[in-house]
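Residue numbers (UniProt numbering): 1 to 390.
Glycine is no exception: its CB is placed at the ideal position from the N, C-alpha and C atoms.
In what follows, a single structure is set out as C-alpha cells and then discussed.
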C-alpha cells in the first residue's frame with residue numbers, strides 16, 4: 001500500500017498485498033536505455049474504451065541494461081526496434097506502414113552501447129532477453145556476436161522456430177537472422193517460485209533478478225523484476241507490453257486517484273495553467289463514473305492480444321507491484337518518462353537504484369493523464385483561476 005495519507009485520495013486505499021519474494025539482499029545494477037525508437041500505433045486494437053483525442057499511442061520503446069556484479073554478466077531486456085526497420089518481414093511492414101502507424105529509429109541498441117564504452121563485439125553482453133517477439137522489442141540481434149545468446153518466453157520456440165520465420169515462411173513475422181548461429185534459450189517456469197501471482201525464474205540464482213511469466217499479450221510474454229537496492233530493498237518492474245498505457249493499470253483500489261495530482265499532467269492551455277490537477281475531473285471521461293477513482297480508464301480489448309483474459313489478469317497482478325512503495329513499474333512505451341518534469345537519467349547517465357531518491361516514480365505516476373486533455377475539453381471541463389472545476 002502507498003505510504004501517503006488516505007486523506008490525500010478520492011477513495012480510501014485498500015490494503016495492498018505485501019510482496020512475496022524469497023529472502024535475499026542480492027542486487028543488480030539497472031540502467032534504462034532510450035533506444036531512439038519512436039512509435040505511433042492506433043489505440044483501438046490495444047485498449048479501450050476509446051477516448052477523444054487519444055486515438056494513437058505515441059511513445060518510446062524502452063530497453064534495460066542489467067549488470068550482475070558477482071558474475072560480471074550484462075544482460076539486455078528488450079532492444080526496441082531495429083534501425084533498418086524497412087528490412088523487417090513483409091508481413092510486419094504491411095501492418096506498420098498502414099494508416100495510423102508510424103516508426104522512427106535513429107540508432108540500434110548495439111550502437112548506443114558501443115558509443116558509450118560497452119565492448120559488445122568482445123562479448124560484454126551475455127544475453128538478450130526478449131519480453132516478446134514484436135518488432136518494437138526485438139531490435140536487431142544480428143548486430144551482436146554469436147556468443148550473445150537470446151532468451152525467450154515459454155512456447156516461443158515451438159510457435160516460431162523455424163517454420164514461422166521469414167524468409168523460410170514468406171508470411172513469417174520474425175526474421176531468421178535474429179537466431180542464425182545463436183543459442184536460443186526458452187525459460188521453463190515449471191516448478192518455479194510464485195511472486196504475487198507471477199511464476200518467477202531466478203535468473204542469476206541469488207534473488208537479484210527474476211523473469212516473470214506474464215501471459216496474454218503474446219505467446220511467451222515476459223516481465224522482469226530487479227532488486228536495485230537493499231536495506232531497504234527497492235525494485236524495478238520491467239513491464240514490457242503487459243500494458244501499453246498507464247490508463248490500463250491506474251488508478252486502482254490499492255492506488256486511487258489523488259484529490260490533487262502533482263505535478264499536474266495537464267499542460268498550460270488557453271483556459272488556465274493549473275499548479276495541480278483536481279483528480280475529480282476525470283470522472284467526466286470514465287466509462288464508470290462512480291468508480292473513476294479506483295478503476296483504470298482502459299482495459300485490454302479484443303484485437304492484438306493473444307489471450308485477452310490472460311492479458312487483463314497479468315495487468316491485475318501487476319497493479320500490486322505498482323501500488324507498492326518499494327517498486328517502480330516501467331512499461332516499454334511509457335511516454336511519461338520522456339516528460340521534462342520527470343528528469344529521468346537515461347543510459348549512460350546514472351542508474352535506477354536512485355529512482356526513489358530522485359522521485360521518478362512520483363513524477364511519472366500520473367503523467368499519462370496528459371493524453372486525456374482533449375477528452376476533458378470535449379466534456380467542457382475547465383479550470384478557473386482558483387484551480388477549481390467550473
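Between which residues of its own chain and residue i is the CB-CB distance below 7 Å, once the five residues before and five after are set aside?
i: residue 8; result: 258, 259
i: residue 233; result: 227, 326
i: residue 310; result: 215, 216
i: residue 147; result: 123
i: residue 136; result: 37, 39, 61, 80, 81
i: residue 273; result: At residue 273 the pLDDT is 43, less than 50, meaning the model places this residue with poor confidence; the figure from the coordinates comes in the next sentence. Cβ neighbours of residue 273 beyond the five flanking positions: none.
i: residue 1; result: Reliability fails at residue 1, whose pLDDT of 48 lies under 50, so the model's placement of it is uncertain and the value that follows must be treated cautiously. If we look at residue 1 and ignore the five residues flanking it on each side, its Cβ neighbours are 13, 15, 16, 254, 323.
i: residue 108; result: 82, 83, 139, 140, 143
i: residue 192; result: 199, 200, 201
i: residue 203; result: 209, 210, 211
i: residue 262; result: 276
i: residue 256; result: 9, 10, 11, 13, 293, 294
i: residue 22; result: 193, 207
i: residue 63; result: 33, 35, 76, 77, 78, 79, 80, 109
Between which two residues does the beta strand (DSSP E) harbouring residue i extend?
i: residue 226; result: 222–229
i: residue 200; result: 198–202
i: residue 90; result: Note, residue 90: premise wrong, no beta strand (DSSP E); alpha helix (DSSP H) at 90–96.
i: residue 185; result: 184–186
i: residue 374; result: Residue 374 -> not in any beta strand (DSSP E); alpha helix (DSSP H) instead, spanning 373–378.
i: residue 20; result: No beta strand (DSSP E) holds residue 20; DSSP gives it neither H nor E.
i: residue 104; result: 102–105
i: residue 42; result: 37–42
i: residue 193; result: 193–195
i: residue 56; result: 56–59
Any idea which residues DSSP pairs residue i with across the strands?
i: residue 66; result: 30, 75
i: residue 210; result: 202, 225
i: residue 410; result: The structure shown does not extend to residue 410, since the chain spans only 1 to 390, so no value can be given for it.
i: residue 47; result: 300
i: residue 235; result: 227, 327
i: residue 240; result: 331
i: residue 465; result: Outside the modelled stretch of the chain, which goes from 1 to 390, sits residue 465, for which no answer is possible.
i: residue 149; result: 127
i: residue 261; result: 277
i: residue 9; result: 258
Less than 9 Å between the beta carbons of residue i and residue j, yes or no?
i: residue 60; j: residue 37; result: yes
i: residue 179; j: residue 220; result: no
i: residue 329; j: residue 181; result: no
i: residue 320; j: residue 197; result: yes
i: residue 52; j: residue 66; result: no
i: residue 455; j: residue 90; result: Beyond the ends of the chain as shown, which are 1 and 390, falls residue 455; an answer cannot be given.
i: residue 142; j: residue 105; result: no
i: residue 251; j: residue 295; result: yes
i: residue 211; j: residue 187; result: yes
i: residue 14; j: residue 253; result: yes
i: residue 359; j: residue 10; result: no
i: residue 284; j: residue 379; result: yes
i: residue 57; j: residue 245; result: yes
i: residue 247; j: residue 150; result: no
i: residue 249; j: residue 318; result: yes
i: residue 289; j: residue 31; result: no
i: residue 45; j: residue 304; result: yes
i: residue 314; j: residue 242; result: yes
i: residue 78; j: residue 332; result: yes
i: residue 213; j: residue 189; result: yes
i: residue 365; j: residue 354; result: no
Considering just the uninterrupted stretch of the alpha helix (DSSP H) at residue i, what are its terminal residues?
i: residue 315; result: 308–322
i: residue 135; result: 135–138
i: residue 362; result: 360–364
i: residue 109; result: 109–115
i: residue 121; result: Element bounds for residue 121: n/a, residue is neither H nor E.
i: residue 160; result: 156–160
So, at 6 Å on beta carbons, what are the nonlocal neighbours of residue i in its own chain, with the 5 sequence-adjacent residues on each side left out?
i: residue 132; result: 218, 221
i: residue 160; result: 174
i: residue 231; result: none
i: residue 165; result: 172, 174, 176
i: residue 385; result: Because residue 385 sits at a pLDDT of 42, beneath the cut-off of 50, its placement in the model cannot be relied upon, and the following sentence gives the value as read from the coordinates. There are no such residues.
i: residue 18; result: none
i: residue 49; result: 287
i: residue 28; result: 66, 68, 208, 209, 226
i: residue 367; result: 265, 336, 339
i: residue 391; result: Here the chain comprises residues numbered 1 to 390, so residue 391 is not present and cannot be evaluated.
i: residue 183; result: 149
For residue i, which residues in the same chain have their Cβ closer than 8 Å to its Cβ, ignoring the five residues on either side in sequence?
i: residue 95; result: 101
i: residue 185; result: 127, 149, 150, 151, 152
i: residue 54; result: 43, 371, 372, 374, 375
i: residue 116; result: 347, 348
i: residue 20; result: 194, 195, 196
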